[in-house]
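The next block holds one structure in the form of structure tokens; read it before the comments.
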Amino acid sequence: MEILKREKKEIKQQILNLKQLYIGAMKFSNYEKAKENNIETQKINELIKDSVYKVNEFNKREELLDIEISQYPEILEMQQEFKPYVRFWELAFEFQIDQHECIQKFKYQIKNN
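Residue numbers (UniProt numbering): 1 to 113.
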């Protein structure tokens with residue numbers, strides 16, 4: 001039981017740390033840093049997924065031991081609310097790449113005409 005208490009405390013701390021990263025990422029607004037923002041939001045998204053998995057595994061152990069299941073609704077809320085930010089920075093980065101390629105093709109066409 002002591003192990004579960006320690007793990008529960010670790011999960012809570014992990015969620016608090018993740019919340020700080022999440023809040024910071026939601027403030028990203030510099031399109032010039034689309035690549036960096038995309039990488040960072042992808043990392044945070046993976047951390048959120050890992051946390052959801054850990055919570056689910058922890059809940060399974062609680063269920064096996066027939067103790068009250070711990071609730072962590074904030075991690076599921078973060079997962080849902082963060083999806084649009086992850087997608088936005090993916091698209092911004094893809095657009096930046098496509099834009100660069102289009103400009104290079106356009107410059108090449110002008111140069112060769």
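The beta-carbon is built from N, C-alpha and C at its ideal position, and this holds for glycine as well. Source: prediction; values computed, not measured.
Considering residue i, what are the terminal residues of the alpha helix (DSSP H) in which it resides?
{"i": "aspartate 50", "result": "34-64"}
{"i": "valine 3", "result": "According to the sequence shown, residue 3 is isoleucine rather than valine. It spans 2-25 - the alpha helix (DSSP H) in which isoleucine 3 sits, taken as one unbroken run."}
When you compare each of the options to residue i by their alpha carbons, which one comes out closest?
{"i": "aspartate 50", "options": "Ile11, Lys111, Gln109 and Met1", "result": "Ile11"}
{"i": "methionine 78", "options": "Glu7, Lys8 and Ile23", "result": "Ile23"}
{"i": "glutamine 99", "options": "Tyr31, Arg6 and Pro84", "result": "Tyr31"}
{"i": "phenylalanine 28", "options": "Lys105, Lys8 and Pro84", "result": "Pro84"}
{"i": "glutamine 20", "options": "Lys9, Glu68 and Leu47", "result": "Leu47"}
{"i": "phenylalanine 95", "options": "Asp66, Glu2 and Lys33", "result": "Lys33"}
{"i": "lysine 8", "options": "Tyr72, Lys105, Leu64 and Ile110", "result": "Tyr72"}
{"i": "isoleucine 69", "options": "Glu81, Asn59 and Met26", "result": "Asn59"}
{"i": "methionine 1", "options": "Leu64, Gln80 and Glu101", "result": "Leu64"}
{"i": "alanine 92", "options": "Lys35, Ile67 and Leu4", "result": "Lys35"}
Decide yes or no for the touch test of the region 5-17 against the region 45-56: beta carbon pairs closer than 8 angstroms, at least 3 of them.
Yes: the two stretches touch, three or more of their Cβ pairs being nearer than 8 angstroms.
Just checking, does the region 26-42 make contact with the region 80-89 on the three C-beta pairs under 8 angstroms criterion?
Judged by pairs of C-beta atoms under 8 angstroms, the region 26-42 touches the region 80-89, as three or more such pairs exist.
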